[in-house]
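S.K.: What follows is a structure written as structure tokens; I'll ask about it next.
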Amino acid sequence: DIGQARAGKIINIRIKKPGRKVAKGKPYASLESGKWTGPVPAVIEGEVVERNEELFDNPELINEDPYGKGWIVRIKPTDLERDLKELVTGEEAIRLQKEYIDREDVNCGEELAQISKKFYT
Numbered sequence: 002d003i004g005q006a007r008a009g010k011i012i013n014i015r016i017k018k019p020g021r022k023v024a025k026g027k028p029y030a031s032l033e034s035g036k037w038t039g040p041v042p043a044v045i046e047g048e049v050v051e052r053n054e055e056l057f058d059n060p061e062l063i064n065e066d067p068y069g070k071g072w073i074v075r076i077k078p079t080d081l082e083r084d085l086k087e088l089v090t091g092e093e094a095i096r097l098q099k100e101y102i103d104r105e106d107v108n109c110g111e112e113l114a115q116i117s118k119k120f121y122t
């Protein structure tokens, strides 16, 4: 949600096709808005098994419903156990996300605001 909030209204998307391998830290998609164009890096290594074809006609779903209809890909992990060990999660992830939001003055929208209230109040 932070990425789409910073980018603004998404107007175009390119997504890797199912069957394509994705390396951790490398892009599985690229987004374009009026303010920004850039990669969406994978947090795990694996294979794209499904992509959201609806985004090609309605890329704004990424802004409108990033946790629902705006999903981008489903990735089958190569070694999920290894990758999960390297992910920042829980309170540390929340702390880092809040620091980034405050530092960059990001407005993440109502959905993230509601989620954040549970942790910050």
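Residues 2 to 122 in the numbering used here are what the sequence shown spells out, letter by letter. Note that the Cβ used here is the ideal one computed from N, Cα and C, for glycine as well.
Leaving out the 5 sequence neighbours to the left and right, which residues in its chain are closer than 8 Å to residue 122 when beta-carbon positions are compared?
M.R.: Working through the sequence shown from its first residue, we reach residue 122 at position 121. The pLDDT assigned to residue 122 is 46, lower than 50, so where the model puts this residue is not dependable, and the model offers no usable value.
S.K.: What does the alpha-carbon distance come out to for the pair residue 104 and residue 71?
M.R.: The sequence position of residue 104 within the sequence shown is 103, counting from 1. The sequence position of residue 71 within the sequence shown is 70, counting from 1. Cα-Cα distance, rounded: 26 Å.
S.K.: For residue 60, which residues in the same chain have their Cβ closer than 7 Å to its Cβ, ignoring the five residues on either side in sequence?
M.R.: Locating residue 60 in the sequence shown gives position 59, where the first residue counts as 1. 11, 12, 13, 14.
S.K.: So who's on the other strand from residue 27, going by DSSP bridges?
M.R.: Counting from 1 along the sequence shown, the entry for residue 27 is found at position 26. None; residue 27 has no bridge partner.
S.K.: So, using beta-carbon positions, are residue 51 and residue 75 closer together than 8 Å?
M.R.: Numbered from 1 along the sequence shown, position 50 holds the residue referred to as residue 51. Numbered from 1 along the sequence shown, position 74 holds the residue referred to as residue 75. In contact: residue 51 and residue 75 (Cβ atoms closer than 8 Å).
S.K.: May I ask you to report which of helix, strand or coil DSSP gives residue 73?
M.R.: On the sequence shown, position 72 is the one that residue 73 refers to. In the structure shown, residue 73 sits in coil (DSSP, three-state: anything other than H, G, I, E or B).
S.K.: Use the C-beta contact count for residue 56: other C-beta atoms within 10 angstroms, 16 or more gives buried, fewer gives exposed.
M.R.: Residue mapping note: residue 56 aligns to position 55 of the sequence shown, counting from 1. Answer is buried; the Cβ neighbour count reaches 16.
S.K.: Are at least three pairs of beta-carbons, each pair with one atom in the region 80-99 and one in the region 33-51, less than 8 Å apart?
M.R.: Yes, since at least three Cβ pairs between the region 80-99 and the region 33-51 fall closer than 8 Å, the two stretches touch.
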